[in-house]
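The block underneath contains the structure these notes are about, expressed in structure tokens.
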DNA sequence: CGCGTCTTTGACGTCTCTCAACAGGAGTGG
DNA sequence: CCACTCCTGTTGAGAGACGTCAAAGACGCG
């Protein structure tokens with residue numbers, strides 16, 4: 001099942017992390033709209049891209065690196081609503097302000113678009129509006145998958161499901177390095193870092209995966225799949 | 001319980017009531033597109049509108065009544081992903097099949113649109129595509145709010161937040177009758193019916209609300225608001 | 001009135017959280 | 001090269017919130 005990574009939002013864009021980064025002028029985002037050329041921009045690890053409540057002036061597309069978007073309560077509880085990898089578009093809002101925050105997981109390159117320009121293009125070109133509609137629909141489906149995960153799945157199911165999703169997004173060969181900390185994982189899965197850590201140890205003991213250090217993981221996918229059957 | 005299987009007999013209904021189309025909220029859906037006239041259709045309480053995995057041939061707009069959409073796991077665990085009230089559009093998918101099920105909470109009237117027709121209209125008219133984009137974005141925002149609720153809020157916060165949301169969507173005067181069962185509430189909030197019931201009793205004991213029978217509720221909104229501050 | 005469904009309440013179990021200590025790496029400076 | 005610190009991750013013990021199981025009350029409907 002899906003754990004809510006936002007996937008590349010336009011099917012004609014090459015899928016996965018191995019997207020060849022086209023030069024800023026070669027971006028196929030909003031193809032056919034030469035006026036919608038994104039501006040390249042770089043962010044350092046843990047750098048904030050925008051904060052909740054700020055004016056939503058720009059829209060962002062990941063070129064390389066990774067981004068998380070999240071919401072926070074006043075007492076510090078945090079819920080990550082999505083991880084965004086190369087090819088993903090994020091930061092769109094209906095209102096004038098962002099309803100969540102966005103930060104770079106690692107050193108990250110983005111393309112930035114002026115929201116007003118994108119909206120104007122959508123108003124005039126059905127093709128662009130349909131792309132945006134499709135993007136929103138896809139994000140919605142991912143959010144609803146996450147809803148099921150958070151509302152009805154155990155800690156073990158959440159972690160197993162998460163690992164399989166990461167594997168898929170990062171190449172799907174069963175071996176990868178987690179690009180985020182335990183805290184990010186916990187705040188995405190609605191758990192604590194201790195529960196995430198314990199669950200990983202338990203999965204390792206059961207032979208569902210092998211670990212090298214904290215981040216590098218090899219999955220036994222058949223084993224994991226049995227744990228999250230729906 | 002539902003015995004009647006809803007099989008939208010299109011031509012029959014269309015013949016019966018070819019009616020001008022306008023939502024009760026006054027919004028005209030797909031204005032300026034006379035070819036996008038929805039067909040009225042009625043569903044009984046608890047009747048299935050469509051099921052997970054079925055072909056997504058139609059899109060639906062609520063005229064009166066209420067609808068729930070949900071996902072289920074093979075062992076019966078259920079997560080309601082949304083309640084849809086008059087004016088809401090639901091049932092749109094990116095793929096060819098529905099990723100969740102939809103049922104009528106109470107006797108419900110809908111407008112049914114052929115998905116292909118809507119998509120064709122969106123492809124030609126930026127105005128229509130923008131409407132669809134806006135509705136999808138609104139649903140997305142609600143889904144992300146639910147994500148935070150499920151991932152990081154206590155049972156009391158979930159129930160209190162839910163009650164305020166229902167109040168708002170049902171007029172916002174603080175007194176209303178819940179249109180759904182405890183099971184629906186529980187499956188929406190990621191809790192059990194016992195926990196929902198106990199939490200309601202507790203809120204009542206604390207003076208945060210008053211109850212008449214099982215469904216009718218008067219909120220002390222100032223009190224409730226303190227419980228869900230973010 | 002009788003029956004089924006929905007809701008409430010109680011007793012108990014358990015999964016996850018909280019609090020706390022410790023281990024392993026990476027970076028820094030002596 | 002080693003000592004030190006910071007940061008992330010792991011593990012343990014105990015607590016607490018919510019779930020499970022069970023029974024009884026409330027409500028609606030034929």
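Residue numbers (UniProt numbering), protein chains in the order written: chain D, 1 to 230; chain Y, 1 to 230.
Virtual Cβ for every residue (Gly too), placed ideally from N, Cα, C.
None of the values given here were measured: they were computed from a predicted structure.
Residue i (DSSP reduced to helix, strand or coil)
i	result
residue 37 of chain D	coil
residue 55 of chain D	strand
residue 98 of chain D	coil
residue 162 of chain D	helix
residue 148 of chain D	helix
residue 108 of chain Y	strand
residue 26 of chain Y	Because the pLDDT of residue 26 of chain Y is 36, which lies under 50, any placement of that residue in the model is unreliable, and the question is left without a value.
residue 81 of chain Y	strand
residue 196 of chain D	helix
residue 189 of chain Y	helix
residue 137 of chain D	helix
residue 154 of chain D	coil
residue 125 of chain D	coil
residue 170 of chain Y	coil
residue 201 of chain Y	helix
residue 228 of chain D	coil
residue 119 of chain Y	helix
residue 142 of chain Y	helix
residue 68 of chain Y	strand
residue 220 of chain D	coil
residue 209 of chain Y	strand
residue 132 of chain D	helix
Residues that residue i contacts on chain Y, provided the C-beta gap is smaller than 8 Å
i	result
residue 229 of chain D	74
Proximity of residue i and residue j at Cβ, strictly below 8 Å
i	j	result
residue 56 of chain Y	residue 96 of chain Y	yes
residue 187 of chain Y	residue 80 of chain Y	yes
residue 44 of chain Y	residue 88 of chain Y	no
residue 50 of chain D	residue 76 of chain D	no
residue 219 of chain Y	residue 209 of chain Y	yes
residue 304 of chain Y	residue 141 of chain D	As shown, chain Y starts at 1 and ends at 230. That puts residue 304 of chain Y outside it, with no answer to give.
residue 84 of chain Y	residue 52 of chain Y	no
residue 71 of chain D	residue 73 of chain Y	no
residue 61 of chain Y	residue 82 of chain Y	no
residue 284 of chain D	residue 54 of chain D	Past the edges of chain D, shown from 1 to 230, lies residue 284 of chain D, and the structure says nothing about it.
residue 133 of chain D	residue 136 of chain Y	yes
residue 199 of chain D	residue 156 of chain D	yes
residue 203 of chain D	residue 158 of chain D	no
residue 174 of chain D	residue 215 of chain D	no
residue 151 of chain Y	residue 150 of chain D	yes
residue 217 of chain Y	residue 211 of chain Y	yes
residue 223 of chain Y	residue 213 of chain Y	no
residue 103 of chain Y	residue 48 of chain Y	yes
Partner residues on chain Y for residue i, Cβ-Cβ distance less than 9 Å
i	result
residue 97 of chain D	Residues of chain Y passing the Cβ test: none, with the nearest at roughly 12 Å.
residue 87 of chain D	Chain Y residues near residue 87 of chain D: none, gap ~16 Å exceeds 9 Å.
residue 195 of chain D	By Cβ distance, chain Y contributes nothing, its closest Cβ being about 13 Å from residue 195 of chain D, past 9 Å.
Contacts of residue i in chain Y (Cβ-Cβ under 7 Å)
i	result
residue 126 of chain D	122, 123, 124, 125, 126 and 129
residue 156 of chain D	Result: empty, since nearest Cβ-Cβ is about 14 Å, beyond 7 Å.
residue 148 of chain D	71 and 79
residue 190 of chain D	150, 151 and 152
residue 132 of chain D	133
Chain D contact residues for residue i, given Cβ-Cβ distances below 7 Å
i	result
residue 140 of chain Y	136, 139, 140 and 143
residue 77 of chain Y	152
residue 223 of chain Y	Under the 7 Å cutoff, chain D gives no residues; its nearest Cβ is about 18 Å from residue 223 of chain Y.
Chain-ordered chain D contacts of residue i [CB-CB under 8 Å]
i	result
residue 92 of chain Y	137
residue 84 of chain Y	Going along chain D, no residue has its Cβ under 8 Å from residue 84 of chain Y, so there is no contact; the nearest lies around 13 Å.
Any contact of the segment 96-111 of chain Y with the segment 112-120 of chain D, i.e. 3+ C-beta pairs under 8 Å?
-> With the cut-off at 8 Å, the segment 96-111 of chain Y and the segment 112-120 of chain D do not touch.
Taking contact to mean 3 or more Cβ pairs, one atom from each stretch, closer than 8 Å, check whether the segment 126-134 of chain Y and the segment 124-137 of chain D are in contact. Enough Cβ pairs lie closer than 8 Å, so yes.
I want to know whether the segment 173-188 of chain D touches the segment 63-73 of chain D - three or more CB-CB distances under 8 Å.
yes
| Is it a yes or a no for the segment 144-164 of chain Y touching the segment 159-171 of chain D, going by three-plus beta-carbon pairs under 8 Å? | no
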